[in-house]
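J.: Numbering (our numbering), first residue to last: 1 to 445. Think of the CB as a built atom: it goes at the ideal place given N, C-alpha and C, for glycine as much as any other residue. None of these values were measured; they are calculated from a predicted model. First the structure, then my questions, so here it is.
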């Protein structure tokens, strides 16, 4: 802005000189002043171009520094390596902008400007490298650099940097090398990501980087004719306005990709948490010996199926104490596990199977009639009557009651329990249904 103001003041000063020193008629006065102003505008047009160039660089630099601060804060609060890489990328871009601003309007043949262009080129190459490194880190769970970044990326950056130093201080050649390097590097990384990675965040970022690469390649193509002395288009002097939009888009894509990754990680964490909670509930609600539900689970299970009807089958192992006394507790535990296994065979997957404690078991059969329940008990008795690996047959007493409708679950449970004890009493009077322990005594259940 000061350059534009300076230009206007100089016009006014020159016009004032015309008023004070030209003594001529009105026609000659106007014509003379017109020529004076026209000559001044022609001579100082580079002043306007310089002002626009400075303003465009300031706008681009402002965008870059805002992105740098944002990514630095994000990295500091999360300590993610991908954000550190992107913070370094914008730091290199900010350094490049400082080089550019320092070199505006300076003689392009001076050693100082040659150093500025080389510093700008190296900073831009590092900007593209750290952007690419961040993308590769984003694509992987492991953030070990040597395992996620392909070697060709290092060779590509190093080769372009070496080529930059071989330009012997030619500003046009150095700019063409830099823009070509940026474009080809980002295109390579973007295409590699699109081909190899299917995640939405990585593909979004790769697509934006490819668009940015095309923009850099445009710069190289536009500057290429200048190698033979052709004039560079005037808009290139204030192209930083468009560069600011391009780099803001890249920064926004990085932030959006990081946000998508955070959402995905939160979703995965919630899934793992839910799975852990379910496993914990299963552990709390399951009987550790048989794997059936325990008594604690029964109330919640019946609450979840409120409104349904069916039957409760309460079962008790006959003469179970004799098994423990004669063959030991290990054999007793094996018998209980066998009862649970046979219950799983006889009843359906949707039925509730419980070990209520000790040698007592409960089956909840939804939609079953009293007759269906009795058939299942008979089948279970047939399977358990076959001796196990210790030669021990198992006999059970069972009671059936119906629930649903006007029969509360507590009342149905009490009725099934009472019916089971009636069955046990009848079976005790019939010695043929007692557990026979070969060579041993018969204990009481």
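First and last residue of the alpha helix (DSSP H) that includes residue 247?
T.: 240-285
J.: Which residue spans inside the region 342-379 form an unbroken beta strand (DSSP E) run of at least 3?
T.: 352-357 and 360-366
J.: As a quick exercise: from 274, 290, 348 and 207, pick the residue whose alpha carbon is nearest that of residue 249.
T.: For residue 249, the closest of 274, 290, 348 and 207 by C-alpha to C-alpha distance is 207.
J.: Checking contacts by CB at 8 angstroms: is residue 217 closer than that to chain C?
T.: Among the protein chains of the structure shown there is no chain C, as only one such chain exists.
J.: So residue 415 is in the alpha helix (DSSP H); what residue range does that whole segment cover?
T.: Taken as a continuous stretch (DSSP letters only), the alpha helix (DSSP H) holding residue 415 covers 409-429.
J.: Express the C-alpha separation of residue 388 and residue 350 in angstroms, rounding to a whole number.
T.: 27 angstroms
J.: To the nearest whole angstrom, what separates the beta carbons of residue 220 and residue 180, a pair I think is in contact under 8 angstroms?
T.: 4 angstroms
J.: In the DSSP assignment, find the alpha helix (DSSP H) that holds residue 194 and state where it starts and stops.
T.: 171-196
J.: Counting only the same chain and skipping the five closest in sequence on each side, list residues whose C-beta sits under 7 angstroms from that of residue 290.
T.: 336, 337, 340 and 355
J.: What's the C-alpha gap between residue 42 and residue 174?
T.: At residue 42 the pLDDT is 45, less than 50, meaning the model places this residue with poor confidence and gives no usable figure here.
J.: Return the chain-ordered list of same chain residues with a C-beta closer than 8 angstroms to the C-beta of residue 286, the five sequence neighbours on each side being excluded.
T.: 292, 293, 294 and 297
J.: Among the residues of its own chain, which have a CB less than 6 angstroms from the CB of residue 93, if the five just before and after it don't count?
T.: So the qualifying residues of the chain are 64 and 127.
J.: Which ranges does the beta strand (DSSP E) cover as unbroken runs of at least 3 residues, wholly within the region 55-116, from first to last along the chain?
T.: none
J.: Which one of 416, 411, 386 and 390 has the shortest CA to CA distance from residue 361?
T.: 416
J.: Between the C-alpha atoms of residue 74 and residue 279, what's the straight-line distance to the nearest angstrom?
T.: Whole-angstrom Cα-Cα distance: 35 angstroms.
J.: Whose C-beta lies closer than 8 angstroms to the C-beta of residue 453 among residues of the same chain, with five residues either side of it excluded?
T.: Any property of residue 453 remains undetermined from this structure, which presents the chain solely from 1 to 445.
J.: Residues bridged to residue 293 by DSSP?
T.: Residue pairing by DSSP places residue 293 opposite 286 and 354 in a beta bridge.
J.: Using a Cβ distance threshold of 8 angstroms, determine whether the region 68-83 contacts the region 115-124, with at least three qualifying pairs required.
T.: no
J.: Sort 386, 402, 345 and 396 by Cα distance to residue 370 and report the nearest one.
T.: It is 402 whose Cα lies nearest to the Cα of residue 370.
J.: Buried or exposed for residue 486, going by 16 or more other Cβ atoms inside 10 Å?
T.: Any answer about residue 486 is impossible in this case: the structure gives the chain only from 1 up to 445.
J.: Starting from residue 310, trace the beta strand (DSSP E) both ways and give me its first and last residue.
T.: 310-317
J.: Classify residue 394 as helix, strand or coil using the three-state DSSP reduction.
T.: coil
J.: Across which residues does DSSP place residue 301 in a beta bridge pair?
T.: Answer is none; residue 301 lacks a bridge partner.
J.: Would you check if there are 3 or more beta carbon pairs closer than 8 angstroms linking the region 315-325 to the region 253-262?
T.: no
J.: Using DSSP's beta-bridge definition, name the partner residues of residue 403.
T.: According to DSSP, which records beta bridges pairwise, residue 403 is partnered with 310.
J.: State buried or exposed for residue 99, treating a residue as buried only when at least 16 other CB atoms are found within 10 Å of its CB.
T.: Residue 99 should be labelled buried.
J.: Could you tell me if residue 410 is buried or exposed, where buried requires 16 or more neighbouring beta carbons within 10 angstroms of its beta carbon?
T.: exposed
J.: CA-CA distance, residue 226 and residue 218?
T.: 14 angstroms
J.: Residue 131: which of 102, 170 and 187 sits nearest, CA to CA?
T.: In terms of CA proximity to residue 131, 187 leads the group 102, 170 and 187.
J.: For residue 322, report the span of its alpha helix (DSSP H) as first-last.
T.: 320-327
J.: For the alpha helix (DSSP H) holding residue 222, just list the boundary residues, first then last.
T.: 200-223
J.: Restricting to Cα atoms, I'd like to know which of 405, 407, 281 and 183 is closest to residue 246.
T.: 183
J.: With DSSP collapsed to three states, give me the class of residue 339.
T.: helix
J.: Short of 7 angstroms in beta carbon distance, which residues of its chain neighbour residue 413, apart from the five on each side in sequence? Order them along the chain.
T.: 312
J.: Out of 239, 264, 405 and 334, which one is the CA nearest neighbour of residue 307?
T.: With distances taken between Cα atoms, residue 307 lies closest to 405.
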